[in-house]
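If you read the sequence shown in the numbering used here, its first letter stands for residue 461, the second for the next number, and so on.
Notes follow the structure.
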Amino acid sequence: MSTRADSTDEAVAGERPTGQGARVLAEATAALRRYTPAGWQDVRTDLLALARRAHRPSAPVRGRHDLGDFLLATDVLVGALRAAVDPVPDVTVAAVHCVTGDGERLTGVTVEVAALFGTHLPTAADTVHDTVDRALGDLLGVLRPPSDAVDVHVHVADVVTDRTAVD
């Protein structure tokens, strides 16, 4: 004759513990969340520095200046577009996505923004669009595809009520 153990004594695979087992698990989880291993703060700084220096490959975007063609990493392009849009009032950039086609030519940019509640969204989107268009010309030079060849999309991903979120 076999008997199944009570769920407070032994958890069955795929089931959550109940009763005493759930209480013990909750206490252990809370204790682990409070525990910071000795020396972690020393290692933490080194780990963050390594992560910042880690090589992150980035797709190239082709541009041209007086000395000839050049390739610009999309990470650099994204950072420059963020910086260009930053002064636009009552919006903040949440994300920037770039799409390239044949020959590393830029074919599309999507800028996701958060806007302050009460902002006239069509006007803000037009301002962001025009700012991105000008910045692309500055960054990619004469190889910048014509405005109608690059789809610039502005997506309002969030509306916020806290002005500090968009300043």
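Ideal Cβ placement from N, Cα and C applies to all residues, glycine included.
The Cβ neighbour count for Ala609, taken over all protein chains shown within 10 Å, is under 16; the residue is labelled exposed.
The secondary-structure analysis by DSSP pairs Arg524 across a beta bridge with Asp529, Gly601. Secondary structure note for Thr552: its beta strand (DSSP E) is the uninterrupted segment 551-560.
Straight across, the Cα-Cα distance linking Ala554 with Ala625 is about 11 Å. Counting of Cβ neighbours within 10 angstroms places Ala575 among the buried residues, the total reaching 16 or more. Between the region 537-547 and the region 588-601 there are three or more inter-stretch CB-CB distances shorter than 8 Å, so the stretches are counted as touching.
Using a 10 angstroms sphere on the CB of Thr591, the tally of other CB atoms reaches 16 or more, which defines it as buried. Look at the beta carbons and you see the region 514-531 not touching the region 477-487: under three pairs across the two are nearer than 8 Å. Between Pro517 and the set Val503, Ala533, Arg504, the nearest pair of CA atoms involves Ala533.
Taken through DSSP and simplified to helix, strand or coil, Thr570 comes out as strand.
Val588 places its beta carbon less than 8 Å from that of Val545.
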